[in-house]
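For reference, the structure discussed in these notes is given below.
Number of protein chains: 2
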Amino acid sequence: MRISVLATRTEVSVGTIKFYLREGLLPPGRQTSRTTAEYDESHVERIRLVRALTDAGGLGIAAVRRIIAVIDAPDPQRLDVLATAQDALTGRVDPEPDDSAASVGRAHSWVAARGWPTGPGDRVVERLERAWEACEQAGVHVEDSMMDDYADAVEQVARVDVAAVPPGADDAVRRVVVGTVMLEPVLSALRLLAQRAISVQG
Amino acid sequence: MRISVLATRTEVSVGTIKFYLREGLLPPGRQTSRTTAEYDESHVERIRLVRALTDAGGLGIAAVRRIIAVIDAPDPQRLDVLATAQDALTGRVDPEPDDSAASVGRAHSWVAARGWPTGPGDRVVERLERAWEACEQAGVHVEDSMMDDYADAVEQVARVDVAAVPPGADDAVRRVVVGTVMLEPVLSALRLLAQRAISVQG
DNA sequence: CTTGACTAGAAAGTGGTACTTTCTAAGCGT
DNA sequence: ACGCTTAGAAAGTACCACTTTCTAGTCAAG
Numbered sequence: 006m007r008i009s010v011l012a013t014r015t016e017v018s019v020g021t022i023k024f025y026l027r028e029g030l031l032p033p034g035r036q037t038s039r040t041t042a043e044y045d046e047s048h049v050e051r052i053r054l055v056r057a058l059t060d061a062g063g064l065g066i067a068a069v070r071r072i073i074a075v076i077d078a079p080d081p082q083r084l085d086v087l088a089t090a091q092d093a094l095t096g097r098v099d100p101e102p103d104d105s106a107a108s109v110g111r112a113h114s115w116v117a118a119r120g121w122p123t124g125p126g127d128r129v130v131e132r133l134e135r136a137w138e139a140c141e142q143a144g145v146h147v148e149d150s151m152m153d154d155y156a157d158a159v160e161q162v163a164r165v166d167v168a169a170v171p172p173g174a175d176d177a178v179r180r181v182v183v184g185t186v187m188l189e190p191v192l193s194a195l196r197l198l199a200q201r202a203i204s205v206q207g
Numbered sequence: 006m007r008i009s010v011l012a013t014r015t016e017v018s019v020g021t022i023k024f025y026l027r028e029g030l031l032p033p034g035r036q037t038s039r040t041t042a043e044y045d046e047s048h049v050e051r052i053r054l055v056r057a058l059t060d061a062g063g064l065g066i067a068a069v070r071r072i073i074a075v076i077d078a079p080d081p082q083r084l085d086v087l088a089t090a091q092d093a094l095t096g097r098v099d100p101e102p103d104d105s106a107a108s109v110g111r112a113h114s115w116v117a118a119r120g121w122p123t124g125p126g127d128r129v130v131e132r133l134e135r136a137w138e139a140c141e142q143a144g145v146h147v148e149d150s151m152m153d154d155y156a157d158a159v160e161q162v163a164r165v166d167v168a169a170v171p172p173g174a175d176d177a178v179r180r181v182v183v184g185t186v187m188l189e190p191v192l193s194a195l196r197l198l199a200q201r202a203i204s205v206q207g
C-alpha cells in the first residue's frame, strides 16, 4: 500500500509517518520508484505500536526507539528476555553522586535481603533507589517493612504478568515489553479504585 | 528569610522560585518593602513538594497546581479525602466519542461486577477504560479474569497505602496525594524486580 | 500528452512546557 | 555612597513531538 493508505489505516498523518521514518521508528517501505514506496501490514502494526507506547504508555521517542531496537533484534539470547526488555525500558540515567551517606545503597541491600536476583550496576535497583529516596525527601517515609508489604503485593502482579507470557513464544520480548508498558496505566487506575474500595469498607 | 536564602536552602534558582510565584505554585512571601519579601519554612517545604511532584512524580505544572489547590483548601469535607485527592490526580480528559460499540463501558461493568464503589462519570474508571482499551489496541489482550487477578494484587497494594495514612490526621489529603504520586515509581521498579524474581524461580 | 494528485526526502517552522534571561526601578547593608 | 539584592514583568531558551513547506520527480485519468 502507499503512504496515504498507511496514513488512513492508522489514522496518523502522512507527515508524522515520514517523521517516524526519519527517526528510524518505522522501517522504510519497499521502494517501487524514486518517489513511491510500498508499505505492508507490518508497517501498520509498527505504527500502532509506536502510538500505543507514546500515547497510552507516555514514552518519548528515545524510549520507543530503544524498545523497537530490542523487538527487531534477530533472535536474541532467549535466556534473558526480561533483562533485555527491562534494559530497554529503563533509560540510562547518569549516576548522580550520592550526597547523604545514611541511605546509600538502601535499595540494594533491601533487594538483597529480599532475596531477589540482582547484581552490581543494576539499573532497576538504581531506579528503586532514586524513587525511594525521593519519597523520603518528600516526607513520605517508607520503612523496609512497608517496602516488604508492597513487594509481597507486587509479586502477585508480577506473577500475573509472567503467566500471561506464553513460554518460548517467538515474540516473547515484544509481549513482555509492550505488556509491561501498557499495563502500567491500568495498574495505576486499579490502585486508585482499590484505595477507595479498601478505605470505604476497612 | 530572603529569596536568595530560600533558593540556597532548596537548591532551586531564584529565577525558578519567581516562576513558581508567578504560576501560583508558591504563595507570596510577607512583603517587608516594595523590593523585599520574607519567606519561611512553609515556603521551603512547598518548593520541595513541587520538585518532588515534578521530578520524581513526573507531573506537569498544571497537575501540581491542582494538587496544591487541594492541599491548601481549608478543612475540606474530611469524608471524602480520597475522592478529592484522586480528583486532583486525574486531570480532566475530554470525553472522546467511543467508536467501537463492542467494548463500551467494559471497565465500568467490570468495576461494578467487582463490587468496587463507583458512579457515573467516574474519572478513574474512565482512565481504566482508556488504558484497558489501549492495551487491546496494542495487542495486549486482558480478559476480565486477568483483570481480577491484577485487582486482587493491587488491593494488597492499596491496603498498604491506606494503612500508612494516620486516620483523622490533619494533613491526610497531603499524605494521600503525595504518597500516591511518589510511590508510583517505587511500585513500577518493584514490578520489574518482581518479574525477574518470579520468572527465575517459577 | 497534459494536468492534477501523489510521493520521497530534507529543511525549516510550530506549539507546548518548564524554565532562564534580561530588564527596570527600587531598597539594603556596610 | 556604592555595590549587592529584590520584585515584577517581558522576552528569550531548550527540548520535544510533530507539522509545514519546499523541491523534484512519478503516476493516472481524460
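As they're listed, the protein sequences go chains A and B.
Per my numbering, the very first residue in the first sequence carries number 6; after that it's consecutive.
Per my numbering, the very first residue in the second sequence carries number 6; after that it's consecutive.
Using N, Cα and C, we set each Cβ at its ideal position, and we do this for glycine too.
In this text, all values refer to a predicted model and were calculated from it rather than measured experimentally.
Cβ-based neighbour list, residue i, same chain, cut-off 6 Å, excluding 5 preceding and 5 following
i, result
"B/Ala-67", "none"
"B/Ala-194", "none"
CA-to-CA distance, residue j to residue i, given in whole angstroms
i, j, result
"A/Pro-122", "B/Ile-203", "10 Å"
"A/Ala-106", "A/Arg-56", "Unreliable placement is indicated for A/Ala-106, whose pLDDT of 49 sits below 50; the coordinate value is still reported in the next sentence. Roughly 42 Å separates the two Cα atoms."
"A/Arg-14", "B/Tyr-155", "33 Å"
"A/Glu-160", "B/Glu-46", "40 Å"
"B/Glu-141", "A/Arg-27", "28 Å"
"A/Arg-180", "B/Ala-199", "17 Å"
"B/Gly-144", "A/Thr-185", "13 Å"
"A/Arg-7", "B/Leu-188", "46 Å"
"B/Thr-59", "A/Ala-61", "19 Å"
"B/Pro-33", "B/Asp-77", "14 Å"
"B/Gln-206", "B/Val-165", "26 Å"
"A/Arg-201", "A/Val-147", "21 Å"
"A/Glu-172", "A/Val-162", "As written in the sequence, residue 172 of chain A is Pro, which differs from the Glu given in the question. If I take the Cα positions, the gap works out to 18 Å."
"B/Pro-125", "B/Ala-117", "11 Å"
"A/Asp-175", "B/Val-167", "41 Å"
Proximity of residue i and residue j at Cβ, strictly below 8 Å
i, j, result
"B/Leu-11", "A/Gln-91", "no"
"A/Ala-169", "B/Ala-158", "no"
"B/Val-182", "B/Ile-72", "yes"
"A/Thr-95", "A/Arg-128", "yes"
"A/Ala-93", "A/Val-75", "yes"
Same chain, Cβ closer than 7 Å to residue i, neighbours up to 5 away in sequence not counted
i, result
"B/Trp-115", "Asp-149, Met-152"
"B/Gly-29", "Arg-70"
"A/Arg-35", "Ala-42, Glu-43"
"A/Pro-79", "none"
"B/Thr-37", "Glu-43"
"A/Ala-112", "Val-130, Leu-133, Glu-134, Trp-137"
Same chain only: Cβ atoms within 8 Å of residue i, ignoring 5 sequence neighbours per side
i, result
"B/Leu-31", "Ile-22, Tyr-25, His-48, Arg-51, Ile-52, Val-55"
"A/Thr-40", "none"
"B/Leu-64", "Leu-58, Ile-72, Val-186"
Supposed close pair residue i, residue j - CB separation, criterion 8 Å
i, j, result
"A/Ala-177", "A/Val-86", "5 Å"
"B/Ser-9", "B/Val-19", "6 Å"
The segment 126-145 of chain B / the segment 126-140 of chain A touching (three or more Cβ pairs under 8 Å):
For the pair of segments examined, the segment 126-145 of chain B was found not to touch the segment 126-140 of chain A: the number of CB pairs separated by less than 8 Å stays below three.
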